[in-house]
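Using the working numbering, the first residue of the sequence shown is number 71, and each one after it goes up by one. In this text, a Cβ means the ideal position worked out from N, Cα and C, and glycines have one as well. Okay, structure first, notes after.
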Amino acid sequence: MLIGYARVSTDDQPLELQRDALIQGGCHKLYEDKESGAKAERPGLLTALEVLREGDTLVVWRLDRLGRSLKDLSALVEQLESRRVGCKSLQENLDTTSSDGKLVFHLFGALAEFERNLIRERTQAGLSAARARGKRGGRPKALAPAQRQLAIRLYQERRHSIAGICRLLGIAKPTLYSYLAEADADALRSA
71 MLIGYARVST
81 DDQPLELQRD
91 ALIQGGCHKL
101 YEDKESGAKA
111 ERPGLLTALE
121 VLREGDTLVV
131 WRLDRLGRSL
141 KDLSALVEQL
151 ESRRVGCKSL
161 QENLDTTSSD
171 GKLVFHLFGA
181 LAEFERNLIR
191 ERTQAGLSAA
201 RARGKRGGRP
211 KALAPAQRQL
221 AIRLYQERRH
231 SIAGICRLLG
241 IAKPTLYSYL
251 AEADADALRS
261 A
């Protein structure tokens, strides 16, 4: 029996593409997760693994849906092989029930991990380059510099409560506290 497994990393990503491909690929049962592949706890995958019996095949849309590293993929396929269960990937067109499929599986797994590492390295290099040019990532400040100074001054005068300052300026308490911490850090640097 062909058992399908689909996974997306976030709730806003649709599962339909994978679901349709798995059904078209002949899967009789489907199990799904909306979790990062890096997370060990994936209830859909755990259920699929419990359901699989000798002679069955676990089918995925792409290899990276099963795990984020070659080590994890290899361990999972090894576990499946020890139970005489196959693994099939539709996009990479490989099936571990054959010797050729096992070889190709390991090659594709290594390439997928290599690609993820390259993406991670490029992202980190881009962030470092942006920081070197003075750009800071993250969300923009809620208040303009003059308003931040006003918030700090109101706090230092001790005439208003924290809640009152936040209500007056339309900000949350953590935002006010981050402005205060930023002001303290600036004062230490200039001292």
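{"Check": "Ignoring anything shorter than 4 residues or poking outside the stretch 88-128, list the alpha helix (DSSP H) runs there in chain order.", "Outcome": "113-121"}
{"Check": "Would you grab the beta carbon distance between TYR249 and ILE222 for me? Rounded to a whole angstrom, and I think it's under 8 Å.", "Outcome": "6 Å"}
{"Check": "Verify whether the separation of the beta carbon atoms of TRP131 and ALA182 is less than 8 Å.", "Outcome": "no"}
{"Check": "Near VAL174, what residues of its chain come up, given a Cβ to Cβ distance below 7 Å and the 5 sequence neighbours on each side ignored?", "Outcome": "LEU164"}
{"Check": "Thinking just about the alpha-carbon of each residue, which of THR80, ASP103, GLY240, GLN83 is nearest to the one in GLY74?", "Outcome": "ASP103"}
{"Check": "Counting only the same chain and skipping the five closest in sequence on each side, list residues whose C-beta sits under 7 Å from that of MET71.", "Outcome": "HIS98, ASP126"}
{"Check": "What are the partner residues of ALA76, as DSSP defines its beta bridges?", "Outcome": "GLU102"}
{"Check": "Return the CA-CA distance between GLY96 and ALA212, expressed in angstroms with no decimal places.", "Outcome": "52 Å"}
{"Check": "Kindly provide the ranges of any beta strand (DSSP E) runs that are 3 or more residues long and lie completely inside the stretch 152-240, ordered along the chain.", "Outcome": "156-159"}
{"Check": "What residues are listed by DSSP as bridge partners for VAL130?", "Outcome": "TYR75, SER159"}
{"Check": "How is the alpha helix (DSSP H) around SER139 delimited, first residue to last?", "Outcome": "Looking at the DSSP string, SER139 is not in any alpha helix (DSSP H), and its letter there is neither H nor E."}
{"Check": "Excluding the five sequence neighbours on either side, which residues of its own chain have a C-beta within less than 6 Å of the C-beta of CYS157, listed in chain order?", "Outcome": "LEU128, VAL147, LEU150, THR166"}
{"Check": "Residues in the same chain with beta-carbon distance under 8 Å from LEU197, minus the five sequence neighbours each way, listed in chain order, please.", "Outcome": "GLY207"}
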